[in-house]
Amino acid sequence: MRNFLLVRPDNVEAAVNAGAGPDTAYIAGGTDLMQLMKQEVERPARLVDLDGVLPDAIEIRPEGLRIGALARMADVAAHPEVQRNYRALSESLLSAASPQIRNMGTIGGNLLQRTRCSYFRDTGFACNKREPGSGCPAIGGDNRILAVLGVSEHCIATHPSDMPVALMAFDATVEVSGPDNANRTIPLAELYRVPGDSPKTETTLRPGEVIVAVVVPASSAAKRSAYVKVRDRESFAFALVSAAVGMEIADGTIRDARVAMGGVGTMPWRMPQVEAALRGQQARPEVFAAAASRASEGARAASGNGFKLRLMQRVAERALQSVAV
Ligand SMILES: Cc1cc2nc3c(=O)[nH]c(=O)nc-3n(C[C@H](O)[C@H](O)[C@H](O)COP(=O)(O)OP(=O)(O)OC[C@H]3O[C@@H](n4cnc5c(N)ncnc54)[C@H](O)[C@@H]3O)c2cc1C
Ligand code: SF4
1111 MRNFLLVRPD
1121 NVEAAVNAGA
1131 GPDTAYIAGG
1141 TDLMQLMKQE
1151 VERPARLVDL
1161 DGVLPDAIEI
1171 RPEGLRIGAL
1181 ARMADVAAHP
1191 EVQRNYRALS
1201 ESLLSAASPQ
1211 IRNMGTIGGN
1221 LLQRTRCSYF
1231 RDTGFACNKR
1241 EPGSGCPAIG
1251 GDNRILAVLG
1261 VSEHCIATHP
1271 SDMPVALMAF
1281 DATVEVSGPD
1291 NANRTIPLAE
1301 LYRVPGDSPK
1311 TETTLRPGEV
1321 IVAVVVPASS
1331 AAKRSAYVKV
1341 RDRESFAFAL
1351 VSAAVGMEIA
1361 DGTIRDARVA
1371 MGGVGTMPWR
1381 MPQVEAALRG
1391 QQARPEVFAA
1401 AASRASEGAR
1411 AASGNGFKLR
1421 LMQRVAERAL
1431 QSVAV
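Every number in my numbering is 1110 more than the matching position in the sequence shown, counting from 1.
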């Protein structure tokens, strides 16, 4: 691993000014970044430590939750209010990684962890995300875990995190701070970008910007929600396919429906066509099956991940059934 300078700023303003410099990266829990540095996939000369600088509080407000970017995954998952009124969020976090990693990993870091595409993480291979223009060996190579939505001929890497899938379903926004006191709020759906012809650029964050907090609006659908994850092992494995769903059901009729899926997109993927097939319908198994059958619309499989198309439908259906009871 390359030597680096660790910068420990006193406040957010100093952090973003330091973070805007060249060859610099932020570090929060370090559970992803340190691994990438050891593999020499990332080689920053300076690290700006966000610990003690960004908020870690979980605030309960009438309009929703505000979670500081430094909050640990384990603390958010175990918070009674999150378990009661944002169940899919708690379940998504509990399904991720291991207890040790959840104790270190932060909400901001989980939003921005890098893809698990094995070519990206091995500098012995070409990779357009690491080195633009070098090629994409995953297309036509080992792509079993990779994406079927939002893909391009330049990159098919999956966004690996569980929690942002739940956040995507419930219209979360992200509070961001940048140099010169430039604060802004971004809908989560606009934080990420699909690879197109520049897979190296994964988010819409500007140089130096940090994620300060995540805000999740309160809703009946978030209260009646679930996260279902299918993976190769029962624990300590990334999603092959996952679904965060929530429904508001009154007198047997679905008044509101939220569906997002993970393990399938180059970013956490909202499913408006599935939601439209649910709203106003009776909460019945055949309605869930018909709506879930639309989950794979627009999906484009590579040589080794065609199984995900049917699996998406099955996972969405199971998740919908689980919140209906
Ligand atoms: C074996 C293993 C299994 C795992 N399984 C899963 C899984 O099933 N599901 C899952 O979701 N995750 C999984 N993870 C990943 C784990 O959840 C992430 O490593 C963790 O969430 C990253 O958080 P961190 O605070 O440690 O981030 P760091 O490693 O500190 O940072 C990650 C990235 O985010 C940037 N960053 C961090 N915070 C901010 C901020 N506030 N503003 C701007 N940039 C920031 C850093 O610069 C870096 O680029 C697994 C990890 C391992 C090692
Ligand atoms: S899928 Fe993306 S990350 Fe993986 S090798 Fe291709 S360009 Fe790199």
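Yeah, the Cβ is synthetic: ideal placement off N, Cα and C, and Gly gets one too. Every value quoted in this text rests on a predicted model; they were computed, and no experiment measured them.
Item                                                                                                                                                                   : Value
Please report the distance separating the alpha-carbon of Gly1260 from that of Ser1406.                                                                                : 12 angstroms
Should Tyr1136 be listed as close to ligand 1, given that the test is whether its C-beta is under 6 angstroms from any heavy atom?                                     : yes
Using CA atoms only, rank isn't needed, just tell me which of Val1338, Leu1146, Glu1312, Glu1344 is closest to Ala1207.                                                : Glu1344
Using only CA atoms, which one of Asp1290, Ala1276, Pro1297 lies nearest to Thr1283?                                                                                   : Pro1297
Suppose you measure from the CA of Asn1291 to the CA of Val1163; what does that come to, to the nearest Å?                                                             : 15 angstroms
As an exercise, report each continuous alpha helix (DSSP H) stretch of at least 4 residues that is fully enclosed by the stretch 1370-1430, in chain order.            : 1382-1388, 1395-1402
Using the rule of at least 16 other Cβ atoms within 10 Å of the residue's Cβ for burial, across every protein chain shown, is Gln1423 buried or exposed?               : buried
Within this structure, are the beta carbons of Ala1279 and Arg1182 separated by less than 7 angstroms?                                                                 : no
Grab me the residues of Asp1366's own chain with a C-beta within less than 6 angstroms of its C-beta, minus the 5 sequence neighbours each way, in chain order.        : Ala1331, Glu1358
Could you check what DSSP says for Met1214 in three-state terms: helix, strand or coil?                                                                                : helix
For the beta strand (DSSP E) that contains Arg1156, what are its first and last residues?                                                                              : 1156-1159
Take Asp1252 and list the residues in its own chain whose beta-carbon comes closer than 7 angstroms to its own, dropping the five residues that flank it on each side. : Ser1228, Gly1414
Pairing CB atoms from the stretch 1346-1362 with CB atoms from the stretch 1229-1241, are three or more of them under 8 angstroms?                                     : no
Taking just the CA atoms, how far does Arg1404 sit from Arg1410?                                                                                                       : 14 angstroms
So does the stretch 1117-1131 actually touch the stretch 1314-1325, counting three or more Cβ pairs closer than 8 angstroms?                                           : yes
Please list the segments of the beta strand (DSSP E) lying wholly inside the stretch 1119-1163, counting only runs of 3 or more residues, in order along the chain.    : 1134-1137, 1156-1159
Are the beta-carbon atoms belonging to Asn1195 and Met1273 less than 7 angstroms from one another?                                                                     : no
Please state whether DSSP places Asp1166 in a helix, a strand or coil.                                                                                                 : coil
Measuring from each Cβ to the nearest heavy atom of ligand 2, keep the ones under 7 angstroms and list them in chain order.                                            : Thr1225, Cys1227, Tyr1229, Phe1230, Phe1235, Cys1237, Asn1238, Lys1239, Arg1240, Cys1246, Pro1247, Ala1248, Ile1249, Leu1256, His1264, Cys1265, Ile1266, Ala1267, Pro1305, Pro1309
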